[in-house]
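*Asks:*
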């Protein structure tokens, strides 16, 4: 799961949540096996860029990008729950 959070109008963070194992919804035995593989450096790195482990980024949006983002999320904010 990746997360995009705006803490200010045009500033925030992107967290790149990537499973290097193809899927994250696995049983305990597979989870432990996956952790062991990572400990032994038998998996690719989790970073956004090849060869990188960096998964958190600061984001600075331009005004036009922020306006487009607002057009997308505004209808979602207006939806009322049960």
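Numbering (our numbering), first residue to last: 9 to 90.
Every residue, glycine too, gets a C-beta built ideally from N, C-alpha and C.
#1: Look at the alpha carbon of residue 64 and the alpha carbon of residue 21, and state the distance between them as a whole number of angstroms.
#2: For the putative contact between residue 29 and residue 42, defined by C-beta atoms under 8 Å, what is the C-beta separation to the nearest angstrom?
#3: My understanding is that residue 74 touches residue 54, with C-beta atoms under 8 Å, so please give their C-beta distance in whole angstroms.
#4: Taking only three categories from DSSP, how would you classify residue 69?
#5: Rounded to whole angstroms, what is the Cα-Cα separation between residue 83 and residue 52?
#6: Beta-carbon separation of residue 56 and residue 62 under 8 Å?
*Replies:* Let me lay it out:
#1: Using only the alpha carbons, I get a separation of about 7 Å.
#2: The pair is a contact, with the Cβ atoms about 5 Å apart (cut-off 8 Å).
#3: Contact between residue 74 and residue 54 does not hold, since the beta-carbon distance rounds to 28 Å and is not under 8 Å.
#4: When secondary structure is reduced to three states using DSSP, residue 69 falls in the coil class, being assigned neither helix nor strand.
#5: If I take the Cα positions, the gap works out to 38 Å.
#6: Contact flag set, yes.
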